[in-house]
Structures are given as structure tokens and as C-alpha cells.
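Residue numbers (our numbering), protein chains in the order written: chain A, 57 to 164; chain B, 10 to 121.
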């Protein structure tokens, strides 16, 4: 079983839509969680950490469910500039495990 | 402020040729350093990580090697490249014990 699993998409949504991505992880001992954004042919960049109580940064909301071992990312009021691949990252022990990413295209 | 530099940005190399990719970090000391590879349409694969000078851990068997000659320098090498070594190579660092990664801008390697 993979350490981290994501729906690869693609998600094609109109501007202004709300879109949610989920990610599951296999190790219940995982200690920290992140969402990264990767634009085409660029390096991944940290979008936000995911805290147990859930956290929000503008239009982005991240949530963690330890009992079910999944994390989620909600994007409200999608912008064209949100088009990218979103990577789920799980920190377990001294290793970081990356999902394969979910592709989002926001359509005018 | 902390910055990470990686070069070159793109590289086209023939099969069997050697490889050397360099990564340096500024503005921090004793960072954990990582080399990842991302093949086309695939996820990030951890190749090597280092928690200190001369300390290298390898995650997958391959014809690549890594070295950390200085605290803030991490080098990825190969003596003879294979076609399957093509990919997007990313160096990353994180402060010891906290936070997520910061990635370098990557090297896109094409082996021909």
C-alpha cells in the first residue's frame, strides 16, 4: 500500500467554483502534513501546513482527520491562477512522503 | 533569509556520460538536505537525504550517488548515465526538526 494516495484528477472547474481535494495516508504515526502547489515544469512550493484543528488561509482551507487518516484541501472562489497540481505531503518519522498530485484547471 | 540554489536548470547528456548536479543553501546552518527525482507524469521519488556533512542515506538502488562535502552543499552524481535517469531533479532543504521542505528550482535532465 502506498504511503500517500491522491485522486490524480484532472479537476476542471469554472472560475468561482469551490473544489475539494482529498488525500489518504497509511501510517497512523504520521506527525505532520502539508499541501504543496506545483506549476507546470516548476518546483513544488509550500501552500500550507495542515493542523489538527484545521486551518484557513484566505480562500484555502485545510483539514486533517486522524481517525480516518485523510487530509483535505478546499479552495473557494477558484481563480484562473489556481490552476496547478496540488501535492499532499505526509511527514512520518524522518521521511516525507509525497502524493502523485491532483491536477486542477480553472476554466474562464 | 534562507535561499536554495540549484544548477544547471536544464541539461542534455548522452547515455554513458557522467553527471554532477550541485545544490547550495544560504542563510542557515546544519540543514537536512534532500535529492528528489520526478519522472514525467509521476510523483516525487526520494533519492538521497543528508542530516550532516558526510552523512548520506540512499533510498533506492540506482547508478546515482550523493555527497555532502560542506554543511550547505549537496551534490548528486553519476559515473554513467542511463536513459532511465531522465527526469526533473529537485534539491530540497528543511530546518532540523521543523516545518516542510523548500525546494530548489530544479534541473531538467534529458539523457539521449
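Cβ coordinates follow ideal geometry from the N, Cα and C atoms, glycine included. Remember, predicted model here, so these are calculated numbers, not experimental data.
In this structure, does DSSP put residue 92 (chain B) in helix, strand or coil?
-> helix
Taking any Cβ of chain B, which residues in the stretch 94-118 of chain A have a Cβ under 8 Å from it, in chain order?
-> 97, 98, 99, 100, 101, 102, 105
Contact residues within the stretch 129-145 of chain A, judged by C-beta distance below 8 Å to chain B = 143, 145
Reference residue 118 (chain A), options A:67, A:88, A:150, closest by Cα | A:88
Spatial neighbours of residue 61 (chain A) within its chain, please: CB distance less than 6 Å, with the 5 preceding and 5 following residues excluded, ordered by chain position.
-> 80
Name the chain A residues whose beta carbon is nearer than 8 Å to that of residue 112 (chain B)?
-> 99, 100, 101
Beta strand (DSSP E) segment containing residue 162 (chain A), residue limits | 158-163
Between the Cα of residue 101 (chain B) and the Cα atoms of B:119, B:34, B:64, B:121, which residue gives the shortest distance?
-> B:34
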